[in-house]
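Structure, as structure tokens:
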DNA sequence: TTGACAAGACACCAAATGGTGTTGTATTCT
DNA sequence: AGAATACAACACCATTTGGTGTCTTGTCAA
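Chains as they are written, first to last, in this note's numbering: chain S, 490 to 597; chain Y, 490 to 597.
Here you go:
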């Protein structure tokens, strides 16, 4: 698991279901330390930490050291890139529905 | 490379840049056989075929046999799931911008 | 019908992934 | 000061990934 490289691909970061669950979890709170995050998962603390490192490399999460714990916080802005990417295809599937409706019209 | 399992995770299918390039390529045309697709990539025919198989398992691509060639066509509809997922976070980054504007107001 | 071509199927390989446990180092508590 | 805590860093491992080449099958053309 590569956890040091900066600027990790955002699509890759988001591909893993554990990582998506992490984002969703952090969306509900302001900040959360690793310990508390780990509670919500089956795997060990180390594994969760690595996933968070990957999200951090993709700039989707901000880590902030507070005393002996590091608190993680969501940074949703990079997700805009994915939204932009996917919305390009939005036209295509809407076009498909229109075509389908035309076909249904003709059947009548 | 797992290329037989049906119902592959859509996020995973889209995570690879080669696969995204494939989707983009197929968005511009109606249908394209493997041979012509391969021209656009550095890698060999087998590799491209595998990527297409993965997209097919994610239902993002439809393969249709015509004579001795198989023509591939884009099926954009499953991408709606990703759009739904990402649009949940849209509120968060917009909220961020609002907060930022408030901060700038206070500075004045 | 024989030869050329398209592409799927398969075996193979190096590298990346996702997990584990252990060790080291700040930091807090008593 | 000393014990306990939080977590990063590291070594390790099995599985998956993304590519390669070869073989085989089906189809078109001469």
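Think of the CB as a built atom: it goes at the ideal place given N, C-alpha and C, for glycine as much as any other residue.
> Does DSSP classify residue 570 (chain Y) as helix, strand or coil?
Replying inline: Your numbering for residue 570 (chain Y) matches position 81 in the second chain. Assignment of residue 570 (chain Y) by DSSP, reduced to helix, strand and coil, places it in the helix class.
>> Can you tell me whether residue 490 (chain Y) is helix, strand or coil according to DSSP?
In response: Counted from its first residue, the second chain places residue 490 (chain Y) at position 1. Interpretation of residue 490 (chain Y) is limited by its pLDDT of 47, a score under 50 that renders its predicted location unreliable; the figure taken from the coordinates is listed afterwards. In the structure shown, residue 490 (chain Y) sits in coil (DSSP, three-state: anything other than H, G, I, E or B).
> Within 10 angstroms of its Cβ, does residue 547 (chain S) collect 16 or more other Cβ (buried), or is it exposed?
Replying inline: For the purposes of this step, residue 547 (chain S) is taken as the residue at position 58 of the first chain. Label assigned to residue 547 (chain S): buried.
>> Just to check my reading of the structure: residue 499 (chain S) and residue 579 (chain S) have Cβ atoms closer than 8 Å, yes? What is that Cβ distance to the nearest angstrom?
In response: Numbered from 1 along the first chain, position 10 holds the residue referred to as residue 499 (chain S). Numbered from 1 along the first chain, position 90 holds the residue referred to as residue 579 (chain S). Separation of the CB atoms of residue 499 (chain S) and residue 579 (chain S) is rounded to 19 Å, and the pair is thereby denied contact status at 8 Å.
> Does the beta carbon of residue 571 (chain S) come closer than 9 Å to any beta carbon on chain Y?
Replying inline: Position 82 of the first chain, counted from the start, is the residue given in the question as residue 571 (chain S). Under the Cβ distance rule, residue 571 (chain S) counts among the residues neighbouring chain Y, one pair being separated by less than 9 Å.
> Which residues in chain S sit within 8 Å of residue 585 (chain Y), going by Cβ to Cβ distance?
Replying inline: Within the second chain, numbered from 1, the residue matching residue 585 (chain Y) stands at position 96. 565 and 566, listed in chain order.
> Over what stretch of residues does the beta strand (DSSP E) that includes residue 552 (chain Y) continue unbroken?
Replying inline: Translated into positions along the second chain, residue 552 (chain Y) becomes position 63. Taken as a continuous stretch (DSSP letters only), the beta strand (DSSP E) holding residue 552 (chain Y) covers 550-555.
> Per the contact definition of three or more C-beta pairs closer than 8 Å, is the region 514-521 of chain S in contact with the region 549-569 of chain S?
Replying inline: Cβ pair count under 8 Å is three or more, so yes.
>> Once DSSP output is grouped into helix, strand and coil, what is the label at residue 506 (chain S)?
In response: Here residue 506 (chain S) is taken as the residue at index 17 of the first chain, counted from 1. It is helical.
> Name the chain Y residues whose beta carbon is nearer than 9 Å to that of residue 536 (chain S)?
Replying inline: Stepping through the first chain from its first residue, residue 536 (chain S) is reached at position 47. Here the premise fails: no neighbours, minimum Cβ distance about 18 Å.
>> So residue 548 (chain Y) contacts chain S; which residues on that side make the cut at Cβ distance below 8 Å?
In response: Here residue 548 (chain Y) refers to the residue found at position 59 of the second chain. Per Cβ cutoff of 8 Å: no residues; residue 548 (chain Y) is ~12 Å from chain S at best.
> So, does the CB of residue 541 (chain Y) fall closer than 9 Å to a CB anywhere in chain S?
Replying inline: In the second chain, counting from the first residue as 1, residue 541 (chain Y) sits at position 52. It does not: the Cβ of residue 541 (chain Y) has no partner Cβ on chain S nearer than 9 Å.
> When DSSP builds the beta bridges, which residues end up paired with residue 565 (chain Y)?
Replying inline: For the purposes of this step, residue 565 (chain Y) is taken as residue 76 along the second chain, with counting starting at 1. Its beta-bridge partners do not exist; DSSP assigns none.
>> Starting from residue 525 (chain Y), trace the alpha helix (DSSP H) in both directions and tell me its first and last residue.
In response: Numbered from its first residue, the second chain carries residue 525 (chain Y) at position 36. Start and end: 523-528.
> Based on the DSSP secondary-structure assignment, which residues constitute the bridge partners of residue 579 (chain Y)?
Replying inline: Residue mapping note: residue 579 (chain Y) aligns to position 90 of the second chain, counting from 1. Bridge partners of residue 579 (chain Y): none, in fact.
> Assuming residue 549 (chain Y) and residue 514 (chain Y) make a contact with CB atoms under 8 Å, what is their CB distance in whole Å?
Replying inline: If you number the second chain from 1, residue 549 (chain Y) lands on position 60. If you number the second chain from 1, residue 514 (chain Y) lands on position 25. In fact, because the Cβ distance is near 12 Å, the residues do not count as touching under 8 Å.
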